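Counting from 1, position 90 in the sequence shown corresponds to residue 76 in the working numbering; the numbering is continuous, with no gaps. Quick notes on the structure that follows.
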Amino acid sequence: MAREVLAMFRNHPARLAAVAAGERTFISDRPCWHHPASPRYVSRGQRCVECERIRAEAKQRAKAAKRRASVKTTSKPVMRPRLPEPQQFSAVYPHRNNTPEKHVANVAAAHSRFGYRPGRFPARRALIEYERRDVARQNSALLNDLIRTKTHVAQRTNDGSDL
-13 MAREVLAMFR NHPARLAAVA AGERTFISDR PCWHHPASPR YVSRGQRCVE
37 CERIRAEAKQ RAKAAKRRAS VKTTSKPVMR PRLPEPQQFS AVYPHRNNTP
87 EKHVANVAAA HSRFGYRPGR FPARRALIEY ERRDVARQNS ALLNDLIRTK
137 THVAQRTNDG SDL
C-alpha cells in the first residue's frame, strides 16, 4: 500500500509539471498524509504546509505555557525520612515481644497463621512428661504387641495356608 501511495505521489501531475518547469521538488520515502501533493517548504526540512502549520501552533502553545509557568504544576518527589516499619510478630524469637499485650497479640497471630507457635506446639511439656512415664512405656508395649499380632495375622492370610 505504501509503495502504491509513493508511486502516486511521484507521478502526481502537479509534481511532474514542477519537474518539467525545473523547480526543486521533494520525493519522500514517507509521503505526508495531509495531502500527498501539498506544497512543501524546501528550507524547512521538506515539510508540507499543513505539517508546518501544526508545528508552529504547537510551538506557540509551548511558549505560552512557559510564560504561564509561574506556579509549579509538577513537583519533584521529596526525600522524606522513612517511618519506622510496624513491628511484626515474631514466633521464632519470642523474647523480642516485650509487653504482655504484644505477647497475646503475637500468640493470636501465630495461631491464626500456623495453628500453633512454631517450636511451641500446645502441651509440649505435657507430651514430654507423658513420654517419660511408665504408662507410656506400657502403652507403647501394648501397641507394639498389637502391631505384631496384626502383621502376623496379615502374613498368615496372605500365605493362604491358614484362613
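Where a beta carbon is used, it is the ideal one built from N, C-alpha and C, also for glycine. As the structure is a prediction and not an experimental result, all values here were calculated from the model.
**Prompt:** How big is the Cα-Cα spacing for A44 and R54?
**Reply:** The residue labelled residue 44 in the question sits at position 58 within the sequence shown. The residue labelled residue 54 in the question sits at position 68 within the sequence shown. So the two alpha carbons sit approximately 15 Å from each other.
**Message:** Distance check for R39 and A6, CA to CA, integer angstroms please.
**Reply:** Taking the sequence shown and counting its residues from 1, one reaches residue 6 at position 20. Taking the sequence shown and counting its residues from 1, one reaches residue 39 at position 53. Annotation: A6 to R39 spans about 28 Å, alpha carbon to alpha carbon.
**Asked** Ordered along the chain, which non-local residues of its own chain (more than five positions away) have a Cβ less than 7 Å from that of V121?
**Response** Counted from its first residue, the sequence shown places residue 121 at position 135. Same-chain partners within the cutoff: there are none.
**Request:** Following the continuous alpha helix (DSSP H) through R39, name the residue where it begins and the one where it ends.
**Result:** The residue labelled residue 39 in the question sits at position 53 within the sequence shown. First-last of the alpha helix (DSSP H) with R39: 35 to 54.
**Prompt:** Helix or strand or just coil, what does DSSP make of R111?
**Reply:** On the sequence shown, residue 111 is found 125 positions in, with the first residue counted as 1. The answer is helix: DSSP assigns R111 an H, G or I state.
**Item:** Coil, strand or helix - H138 by DSSP
**Value:** Residue numbering aside, residue 138 sits at position 152 when the sequence shown is read from its first letter. Here H138 sits in helix by DSSP.
**Request:** Would you tell me roughly how many angstroms separate the C-alpha atoms of I114 and N125, rounded to the nearest one?
**Result:** Position 128 of the sequence shown holds residue 114. Position 139 of the sequence shown holds residue 125. Taking the straight line joining both Cα atoms gives about 15 Å.
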